[in-house]
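There are 2 protein chains.
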Amino acid sequence: MDELLVTEGRALKHVQVREYVRTLVTGAAPGSPAPSERELVHRFGVARMTVRQAMDALVVEGLLERIPGRGTFVARPRRAASRLTSFTEEMARRGLLAESQTLLARREQAGPGVARALNLTEGDAVIHWRRLRRADGVPMCLEDAYLNEVLIPGFLQSGMPTSLYDALEVRGLRPTWAEDSINADIASADEAQLLEVDPGVPVLRHSRRGLVGEKIIEVSRTVYRADRYTMWLQVGAEG
Amino acid sequence: MDELLVTEGRALKHVQVREYVRTLVTGAAPGSPAPSERELVHRFGVARMTVRQAMDALVVEGLLERIPGRGTFVARPRRAASRLTSFTEEMARRGLLAESQTLLARREQAGPGVARALNLTEGDAVIHWRRLRRADGVPMCLEDAYLNEVLIPGFLQSGMPTSLYDALEVRGLRPTWAEDSINADIASADEAQLLEVDPGVPVLRHSRRGLVGEKIIEVSRTVYRADRYTMWLQVGAEG
DNA sequence: TAGTGGTCTAGACCACGAA
DNA sequence: TCGTGGTCTAGACCACTAA
Numbered sequence: 001m002d003e004l005l006v007t008e009g010r011a012l013k014h015v016q017v018r019e020y021v022r023t024l025v026t027g028a029a030p031g032s033p034a035p036s037e038r039e040l041v042h043r044f045g046v047a048r049m050t051v052r053q054a055m056d057a058l059v060v061e062g063l064l065e066r067i068p069g070r071g072t073f074v075a076r077p078r079r080a081a082s083r084l085t086s087f088t089e090e091m092a093r094r095g096l097l098a099e100s101q102t103l104l105a106r107r108e109q110a111g112p113g114v115a116r117a118l119n120l121t122e123g124d125a126v127i128h129w130r131r132l133r134r135a136d137g138v139p140m141c142l143e144d145a146y147l148n149e150v151l152i153p154g155f156l157q158s159g160m161p162t163s164l165y166d167a168l169e170v171r172g173l174r175p176t177w178a179e180d181s182i183n184a185d186i187a188s189a190d191e192a193q194l195l196e197v198d199p200g201v202p203v204l205r206h207s208r209r210g211l212v213g214e215k216i217i218e219v220s221r222t223v224y225r226a227d228r229y230t231m232w233l234q235v236g237a238e239g
Numbered sequence: 001m002d003e004l005l006v007t008e009g010r011a012l013k014h015v016q017v018r019e020y021v022r023t024l025v026t027g028a029a030p031g032s033p034a035p036s037e038r039e040l041v042h043r044f045g046v047a048r049m050t051v052r053q054a055m056d057a058l059v060v061e062g063l064l065e066r067i068p069g070r071g072t073f074v075a076r077p078r079r080a081a082s083r084l085t086s087f088t089e090e091m092a093r094r095g096l097l098a099e100s101q102t103l104l105a106r107r108e109q110a111g112p113g114v115a116r117a118l119n120l121t122e123g124d125a126v127i128h129w130r131r132l133r134r135a136d137g138v139p140m141c142l143e144d145a146y147l148n149e150v151l152i153p154g155f156l157q158s159g160m161p162t163s164l165y166d167a168l169e170v171r172g173l174r175p176t177w178a179e180d181s182i183n184a185d186i187a188s189a190d191e192a193q194l195l196e197v198d199p200g201v202p203v204l205r206h207s208r209r210g211l212v213g214e215k216i217i218e219v220s221r222t223v224y225r226a227d228r229y230t231m232w233l234q235v236g237a238e239g
């Protein structure tokens, strides 16, 4: 979407219409009517095809929904996926209060595994952040996050945030997509102690590589208590 | 996409053009040129806006890519996700030969859990298909799939296919998206015997609800050997 | 019946890329 | 210079919904 760059100076008409409708529509309740195409034709003095081009973009985006013979309406929010959810957000959606206890937050030299995952050279500086995460007070998972220090200078000095994804977002580095792997295993003695379970109980191991475009931002390894956590996913494209 | 229903009789022009281009383009190498818009205008005797409408759909689909001043080309395949992969496809991608042994294939009355998941009433007819799935000869998982019999009449009589998703596809019922839940657990005695592992080893439990649009097609519960299987995912939107 | 979105026409000018 | 896609116009008829 490089139209934004063009916007200063002489904005394209369909972009003007699109952004006008977007401002009307963001925050509106799903099902609210958007302006009709012909109304926008009169308001902007453009051809109907131009209006349709603008509206098409918003429909593809999932913001609007057309109903023939009735009108155009604010769509119900799309099925997940347009945004990677953080642990904090995920717990909130389940009605649980997320808490986070930092066990470790320091600069380290990347080991071989982390270096490969972050596409760095072994020994490069990375930020290692280890947290025990609780939901409604009960340990839920143990997370080790690794960040490429070059991309996030001064991260450790800025005071550790509550939500990693929020902190990345303000830097424009919130991952937009991720490569995940998920496996089942048995809790080690150390993990069991921190998670307050018996050693040998089943756990879910989740590895994530979070990216913005082609840039690898974050690599994390999380071990979840299987008795407390089931992962939910929505996969696949919209029909 | 109800254009398919309209196609018999009088097909819409933009659909004709779109499907013509699609046949030209499927199987072509990424980067191959598609016909130019003006060429299609002449071939079909339609307005350029009509051709653009057809091409727009293919661009949104991710099949084509426009390059201003140069032309329209076959796009590189999108990052995953546009298609739910079946077990057979997934194993093939890992270079493994998938085999499937049917343990059970019959008509049943839906129990409470399956009924709820398929949005049916308890006691409604469902197809239950249980398979032991191997990769390169070694047991990988045990899958129980449930299908709404009303949607797939005569499924059991048609001879069990190799791939459920292929069989659904020819009926236009291949799930386009799914709601999944994933958990870690311990193999039960029965599961362990079929999977050829010791009871109590960790397993990954995967439940799926596969949908086409709003229609629930398939519900499945699969238990994977954790020593043989790690689930890979790409999550999130395109940047 | 009036309004909506869905489709379609027959042109036009522009910026850009390749030759 | 010529062909490409990007944008835009000023209409038109249709099927559908709601009053």
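Taken in sequence, the protein lines are chains A and B. So the first sequence is residues 1 to 239, counted in the UniProt record's numbering. So the second sequence is residues 1 to 239, counted in the UniProt record's numbering. All C-beta atoms, glycine included, are put in the ideal place defined by N, C-alpha and C. Computed from a predicted model, the values in this text were never measured in an experiment.
(request) Could you please tell me which residues of the region 165-176 of chain A, in chain order, have their CB closer than 8 Å to any CB of chain B? (result) Listed in sequence order: P175 and T176.
(message) In whole angstroms, give me the CA-to-CA distance for T85 (chain A) and R208 (chain A).
(response) Their Cα atoms are separated by approximately 12 Å.
(message) With the cut-off set at 8 Å, would you say M160 (chain B) and A105 (chain B) are in Cβ contact?
(response) For M160 (chain B) and A105 (chain B), yes; Cβs fall inside 8 Å.
(request) Output the residue ranges of the beta strand (DSSP E) runs that lie fully inside the region 164-217 of chain B and measure 3 residues or longer, sorted by chain position. (result) Within the region 164-217 of chain B, the complete beta strand (DSSP E) runs of at least 3 residues are 177-186 and 202-212.
(request) Please confirm whether any heavy atom of the ligand GDP lies closer than 7 Å to the CB of Q109 (chain A). (result) In the structure on display, the ligand GDP does not appear, and there are no ligands present to speak of.
(message) DSSP has N148 (chain B) in a bridge; who is on the other side?
(response) N148 (chain B) pairs with B:V126.
(request) Under 8 Å by Cβ, that's how I've got A110 (chain A) and G95 (chain A) pegged, so tell me the actual separation to the nearest angstrom. (result) About 38 Å separates the beta carbons of A110 (chain A) and G95 (chain A), which is beyond the 8 Å limit, so they are not a contact pair.
(request) Throw me the rounded Cβ distance for the residue 242 (chain B) and L132 (chain B) pair, which I believe falls under 8 Å. (result) Outside the shown range of chain B, which is 1 to 239, sits residue 242 (chain B), and nothing can be said about it.
(request) Taking only the alpha-carbon atoms, compute the straight-line gap between A34 (chain B) and M55 (chain A) and give it to the nearest angstrom. (result) Going from the Cα of A34 (chain B) to the Cα of M55 (chain A) covers about 26 Å.
(message) Does I67 (chain A) pass the burial test, meaning 16 or more other C-beta atoms within 10 Å, or should it be called exposed?
(response) Around the beta carbon of I67 (chain A), fewer than 16 other beta carbons lie within 10 angstroms, which makes this residue exposed.
(request) Could you tell me which of A:L151, A:G137, A:Q234 and A:L164 sits nearest to R130 (chain A), measuring between CA atoms? (result) Of all alpha-carbon atoms in A:L151, A:G137, A:Q234 and A:L164, the one lying nearest the alpha-carbon of R130 (chain A) is that of A:L164.
(request) Name, in chain order, the residues that DSSP records as bridge partners for S86 (chain A). (result) Checking the DSSP bridge columns, you'll see S86 (chain A) has no partner listed.
(message) At a CB distance below 7 Å, what residues from the UniProt domain "HTH gntR-type" (11-77) of chain B approach chain A? Give them in sequence order.
(response) Of all residues in the UniProt domain "HTH gntR-type" (11-77) of chain B, only M49 and V60 place a beta-carbon less than 7 Å from a beta-carbon of chain A.
(request) Name, going along the chain, the residues of the region 138-159 of chain A whose beta-carbon falls closer than 9 Å to a beta-carbon of chain B. (result) None of the residues of the region 138-159 of chain A has a beta carbon lying less than 9 Å from any beta carbon of chain B.
(request) Give a yes or no on whether 8 Å exceeds the smallest Cβ distance from P202 (chain A) to chain B. (result) P202 (chain A) counts as touching chain B.
(message) Quick check: what's the CA-CA separation for L97 (chain B) versus R225 (chain B)?
(response) About 17 Å.
(request) Identify each residue in the region 175-195 of chain A for which the Cβ-Cβ distance to at least one residue of chain B is less than 9 Å, and report them in chain order. (result) Taking a C-beta cut-off of 9 Å against chain B, the contacting residues of the region 175-195 of chain A are P175, T176, W177, A178, E179, D180, S181, I182, N183, A184, D185 and I186, listed in chain order.
(request) Pull up the CB-CB distance for A187 (chain B) and G200 (chain B), whole angstroms please, since I reckon it's below 8 Å. (result) 6 Å between Cβ atoms; contact.
(message) Please classify D190 (chain A) as buried or exposed, where buried requires at least 16 other C-beta atoms within 10 Å of its C-beta.
(response) D190 (chain A) should be labelled exposed.
(message) Measuring alpha carbon to alpha carbon, tell me which residue in B:P112, B:I217 and B:Y20 is nearest A167 (chain B).
(response) Per the Cα distances, B:I217.
(message) Quick check: what's the CA-CA separation for E149 (chain B) versus L120 (chain B)?
(response) Going by the C-alpha atoms only, they are around 11 Å apart.
(request) List the residues that DSSP assigns as beta-bridge partners of A98 (chain A). (result) In the DSSP output, where bridge partners are listed per residue, A98 (chain A) has A:A135.
(request) Counting only the same chain and skipping the five closest in sequence on each side, list residues whose C-beta sits under 8 Å from that of A92 (chain A). (result) Excluding positions up to five away in sequence, the list reads A98.
(message) Does the contact criterion of 3 or more C-beta pairs under 8 Å hold for the region 170-182 of chain B versus the region 70-79 of chain B?
(response) No contact exists between the region 170-182 of chain B and the region 70-79 of chain B.
(message) Using DSSP's beta-bridge definition, name the partner residues of S220 (chain A).
(response) According to DSSP, S220 (chain A) bridges with A:A145 and A:R208.
(request) Report the three-state DSSP secondary structure of M55 (chain B) (helix, strand or coil). (result) In the structure shown, M55 (chain B) sits in a helix (DSSP, three-state: H, G or I).
(request) Work out the CA separation of H42 (chain B) and V212 (chain A) for me, nearest whole Å. (result) Near 42 Å, if we compare the C-alpha coordinates of H42 (chain B) and V212 (chain A).
(request) Establish whether the CB of L96 (chain B) and some CB of chain A are separated by less than 8 Å. (result) Judged by the 8 Å Cβ criterion, L96 (chain B) is not in contact with chain A.
(request) Pick out whichever of A:M231, A:G210 and A:L195 has its Cα sitting closest to the Cα of L103 (chain A). (result) Per the Cα distances, A:L195.
(request) Run down chain A in chain order and give the residues with a C-beta less than 8 Å from the C-beta of L84 (chain B). (result) Against chain A, a Cβ distance below 8 Å from L84 (chain B) picks out V235 and G236.
(request) Compare the C-alpha of residue 290 (chain A) against each of A:V51, A:V223, A:K215 and A:S181 and name the closest. (result) No information on residue 290 (chain A) is available, as it lies outside the stretch 1 to 239 that chain A covers here.
(message) Strictly under 8 Å for the Cβ-Cβ distance: is W232 (chain A) near chain B by that measure?
(response) A Cβ of chain B is located within less than 8 Å of the beta carbon of W232 (chain A).
(request) Taking G69 (chain B) as the reference, give the member of B:G62, B:S36 and B:E90 with the closest Cα. (result) The candidate whose alpha carbon is nearest that of G69 (chain B) is B:S36.
(request) Pick helix, strand or coil for L104 (chain A), following the three-state DSSP scheme. (result) DSSP places L104 (chain A) in strand when its eight states are reduced to three.
(request) Report back the beta-carbon spacing between I152 (chain A) and I182 (chain A) to the nearest angstrom; my notes put them in contact at under 8 Å. (result) Between I182 (chain A) and I152 (chain A) the Cβ distance is about 26 Å, and since that is not below 8 Å, they are no contact.
(message) Using only CA atoms, which one of A:L40, A:L63 and A:L147 lies nearest to R52 (chain A)?
(response) A check of alpha carbon separations from R52 (chain A) across A:L40, A:L63 and A:L147 identifies A:L40 as the nearest.
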